[in-house]
Structures are given as structure tokens and as C-alpha cells.
Amino acid sequence: MTAVDPVFDRVPERYYTHNEHRGETLHRSAAEAIQRDVIALEVNEGARVLEIGTGTGYSGALLAARAGTTGRVTSIDISDHLAGWADRLHRHRGVTTITCHVADGMSGYSAHAPYQRIVAWCAPPRLPRAWVDQLTPDGRIVACLPIAAQPSTTLIATITLSAGQPRVETVAFGGYAQSTATAVHDALTIPGRWVDHHIDQPQPAWISVGWRDHDDPQHTGARTALNLLLNPGHTETYEREPLDWLSWTAYSLIAGGARRTVAALGSGMRGIGHTTVTTAAVILTDGTILANAANSPSLTALRTWLRQWEQAGRPQAAWFDTNLVPNDGDDLPGWDLRITAGTSG
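Note that our numbering has the sequence shown beginning at 25, numbered continuously upward.
Right, here's the structure in full:
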């Protein structure tokens, strides 16, 4: 991505990500993704901004520069280490319009509400009602939201209010690590939500199935499917590689429905495909297809999904129709983001 905002040139990224006193922050969001979402947030001079996920402090510095000397940025993180270091680095640069606090971002931060802008550098289970309640009527939220109860299946949504209700203005491909209730060193190796079975040795691997409600309490089907993928009886290379992985991630949900499976194998690569309690097939990010057998029903289904994806033109984010569906569950009241096939498709 090419930076189109002069603010990006004025904020020293490496000062936050590779500070000589703090050291390098290994698990951090890509600068290009942060800049994209800061642009989408449309922070104006004097804005009150809530940042959920302090991280290195770089994103907060961009927001503070955008909000100017009359604005106020409140940054919260579950990690006292991250919040403390970011606050220290801001003060050393003389940035005084941002304050960092230790808090659970799913509840927002009511002490400084309301906000004209809210941005989250993590993926919550859904859009929390607390964020909407703390937003001004003319406000805007940019957040990474799941489009299915599976890891690594998200869109970046720009949300505004209409008659007090959130509505999706635009979506973009992308994602951030899942939000967690307590600070963790690495939220990526084994996601905290929606993993149906995982192993740690010899290398971490996990699987998430769309049919978990039909598996037994011991997750026998998911465990079997993961084992089939870790020991495939058939391997081939997708003939139309390279993939547009972000497009495929979203479209596979349309094509696959409840049989869609996401897996991370010992190679470290992610895979998306079709599984049952006895068969499995996924395509990896490098275009390798793994299946339990050459005649696997899961492999047949995966090939059909890929053909449908190609026929749809490897659709980009704007192709999908989006909808926020109220979900007032006790765990986190809010709205689920759901997608359907675009009307042009």
C-alpha cells in the first residue's frame, strides 16, 4: 500500500516497533494494514478516538497526529506491558493527547465516552454493543469482524450509525489476531476461539470445522479430520495457482457453508476446504491440495468450490453483500457480521 497521508511520514514507525530501549515487538500488525484502516476511520482535527489494542503504540501515534492538538485519543489494551511501554514512548516523543489504559476492549472505555471514532486492532467474537453505545450519532467504527465462527475468517468493516443502529458502509479483506480476555504472548499459533482440536507436538496444528454442532463432545470427527490432513493419502497442486487467498477465504464460506473447514498444519500454512467425520481435503496458501485419498468425496467438493470461485471471477470484498445481525447472547451482546453472495453474482 502506498501511504497517501502526510501524517504517515511524520510518525516514526521503527521508533515504536524497534525501539532501542524496548527492543523489537515481534507480534504486531503490519504497518500497511494499520495505515489502510486509519485512512478508513477518517479521523478529523479535534476528534475523540477510542483505540482498542494499543500494540506497539504506532497506531495510536498515527491517530493522535490525525486528531491534532485539540483531539483526544484513548488507547486500551489487555496487556499492562504493552500499554505501559506505549505510554512511555508517546511521552518521550512529547505526544500528550493520547492516554493508554489497561482494560478489556470488549467493554469499550466508558470513562472517556462518547467517541467520534472507534478502531480495533483485534478480532472480537462480534461487534460489541458497548462500542456502538459509546459512539456519537455521527461516529464511525473500523473493526475486524468474523464472518463465521472460525479463525482467520474476517473482514475489515467500516461501520456508521443509521437511526442509532450500526450499518456496514464498506468492507475490505484483512484480519487481526483474536481478542483475548487475558494477555497472551502469541495469539496466532493456536487461536483462542473456535478451534475444535489441536496438537502441540511435533509442531502446533489445529482444525476448525463448520459442523462442530454435529460432532460428539470429544470432538472425534474434528480430531479424525485433522489427522487425515496431517497424513494425507493424496497431494496435488492447484492448476490455477497462485491463489488470491483473501478472496478465496471469503468465497469459500459462500460455497462451503457448514462443511467449510479451516486448518493450520505443522508446516505453518493455513488451509481451507471440506471435511466430514471420515474424509478431508484442503487447499493451502501455496496452492497445494491435500486429501485423504484421490477419490475422496471431500476432494470432489473442494474442486467444485474452487471452480465456482473461479467462475465468480475471484470476487473482491465489495462483491459480497453484508448484514449486521443482532446477537444478544450473554457472552457478548452485539451484532454478528454475515455475508451472502453479491447480487451481481
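Beta carbons: idealized from backbone N, C-alpha and C, even for Gly.
Nearest-angstrom beta carbon gap, residue j and residue i [assumed within contact, 8 Å]
{"i": "W359", "j": "R96", "result": "Incorrect: roughly 27 Å between the Cβ atoms, too far for contact."}
{"i": "T346", "j": "V195", "result": "6 Å"}
{"i": "A325", "j": "R283", "result": "7 Å"}
{"i": "E69", "j": "L87", "result": "At roughly 12 Å, the Cβ-Cβ gap does not stay under 8 Å, so E69 and L87 are not in contact."}
{"i": "R338", "j": "D268", "result": "5 Å"}
{"i": "T160", "j": "Q140", "result": "5 Å"}
{"i": "S83", "j": "I58", "result": "5 Å"}
Sub-9 Å separation of residue i and residue j beta-carbons
{"i": "V166", "j": "L65", "result": "yes"}
{"i": "V31", "j": "R72", "result": "no"}
{"i": "I102", "j": "T204", "result": "yes"}
{"i": "Y200", "j": "S53", "result": "yes"}
{"i": "H221", "j": "A187", "result": "no"}
{"i": "T121", "j": "T78", "result": "no"}
{"i": "Q158", "j": "G132", "result": "yes"}
{"i": "A304", "j": "A249", "result": "yes"}
{"i": "C168", "j": "I183", "result": "no"}
{"i": "F197", "j": "I278", "result": "no"}
{"i": "W230", "j": "P241", "result": "no"}
{"i": "W218", "j": "Y275", "result": "no"}
{"i": "A127", "j": "T80", "result": "no"}
Residue i - DSSP class collapsed to helix/strand/coil
{"i": "H45", "result": "coil"}
{"i": "Y139", "result": "strand"}
{"i": "F344", "result": "coil"}
{"i": "T178", "result": "strand"}
{"i": "G108", "result": "helix"}
{"i": "Q189", "result": "strand"}
{"i": "P350", "result": "strand"}
{"i": "V335", "result": "As written in the sequence, residue 335 is Gln, which differs from the Val given in the question. If DSSP states are grouped into helix, strand and coil, Q335 belongs with the helices."}
{"i": "W230", "result": "strand"}
{"i": "A27", "result": "In this prediction, A27 has a pLDDT of 49, which is less than 50 and means its spatial position is unreliable; what the coordinates show is noted afterwards. Residue state, collapsed to three classes: coil."}
{"i": "A304", "result": "strand"}
{"i": "G369", "result": "Below a pLDDT of 50, predicted positions are generally treated as unreliable, and G369, at 46, falls in that range; the measurement from the model is reported next regardless. Coil at G369, not helix or strand."}
Below-9 Å beta-carbon distance, residue i vs any chain D residue
{"i": "I223", "result": "Here chain D cannot be found, since the structure has a single protein chain."}
Sheet register partners of residue i (DSSP bridge)
{"i": "S99", "result": "E75 and C124"}
{"i": "D360", "result": "V349"}
{"i": "E260", "result": "I313"}
{"i": "Q202", "result": "A147"}
{"i": "H298", "result": "R284 and A305"}
Counting pairs of beta carbons, one from the stretch 256 to 263 and one from the stretch 308 to 316, are three or more of them closer than 8 Å? yes
Specify whether the stretch 296 to 312 and the stretch 279 to 287 touch according to this definition: at least 3 beta carbon pairs, one from each stretch, less than 8 Å apart. yes
Sufficient close CB pairs (3 or more, under 8 Å) joining the stretch 109 to 119 to the stretch 32 to 46: yes
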